[in-house]
Amino acid sequence: VQLQASGGGSVQAGGSLNLSCAASGSIFGRDLMAWYRQAPGKQRELVASISGAGTTNYVESVRGRFTISRDNVKNTVNLQMNSLKPEDTAVYYCYMRRPGYAYWGQGTQVTVSS
Numbered sequence: 193v194q195l196q197a198s199g200g201g202s203v204q205a206g207g208s209l210n211l212s213c214a215a216s217g218s219i220f221g222r223d224l225m226a227w228y229r230q231a232p233g234k235q236r237e238l239v240a241s242i243s244g245a246g247t248t249n250y251v252e253s254v255r256g257r258f259t260i261s262r263d264n265v266k267n268t269v270n271l272q273m274n275s276l277k278p279e280d281t282a283v284y285y286c287y288m289r290r291p292g293y294a295y296w297g298q299g300t301q302v303t304v305s306s
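What follows is the structure, encoded as structure tokens:
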């Protein structure tokens, strides 16, 4: 399985970005998909996750601003990020989990300036 993330960039506070992750290989619609992020000097944290059934979870700091979605036909997971804040600045990573396995995509940088 390979995960290819795209969509990062630089925006001003209040702006929006959409991250996309394309999965290739042996993909199943029931796999958990998620986005993590890691800011400089901080631990990697879970931002949002979505189950195969579409159940979503968000870290409190992004709830109401970010939306995670998935397309099980195209094998993609997206993270729509609105009302971005400087504290959202981080490298964002796509993640997929199935029983006994976990996969990471390469990171994509998101920079939010004040």
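Under the working numbering, the first residue of the sequence shown carries the number 193, and numbering increases by one thereafter. By construction, the Cβ of each residue, glycine as well, lies at the ideal position given by its N, Cα and C atoms. Keep in mind the model is a prediction, meaning the values are calculated, not measured.
In the DSSP output, what is Asn210 paired with across the bridge? The beta-bridge partner set that DSSP reports for Asn210 consists of Gln272.
Given that a residue counts as buried once 16 or more other Cβ atoms are within 10 Å of its Cβ, and exposed if not, what is Tyr293? It is exposed - the Cβ of Tyr293 has fewer than 16 other Cβ atoms within 10 Å.
Can you pull the DSSP bridge partners for Gly201? Looking at the DSSP output, Gly201 bridges to Val302.
Beta-carbon gap between Gly201 and Leu195 smaller than 8 Å: No, they are not a contact pair.
Just verifying my parser: in three-state terms, what is the DSSP assignment at Val283? In the three-state reduction of the DSSP assignment, Val283 falls in the strand class.
Please report the straight-line C-alpha distance between Val254 and Val239, rounded to a whole angstrom. Rounded to the nearest angstrom, the two C-alpha atoms are 7 Å apart.
Where Ser243 falls: helix, strand or coil (DSSP): Three-state result, Ser243: coil.
Which partner residues of Arg255 appear in the DSSP bridge assignment? Note: Arg255 sits in no beta bridge, so no partner.
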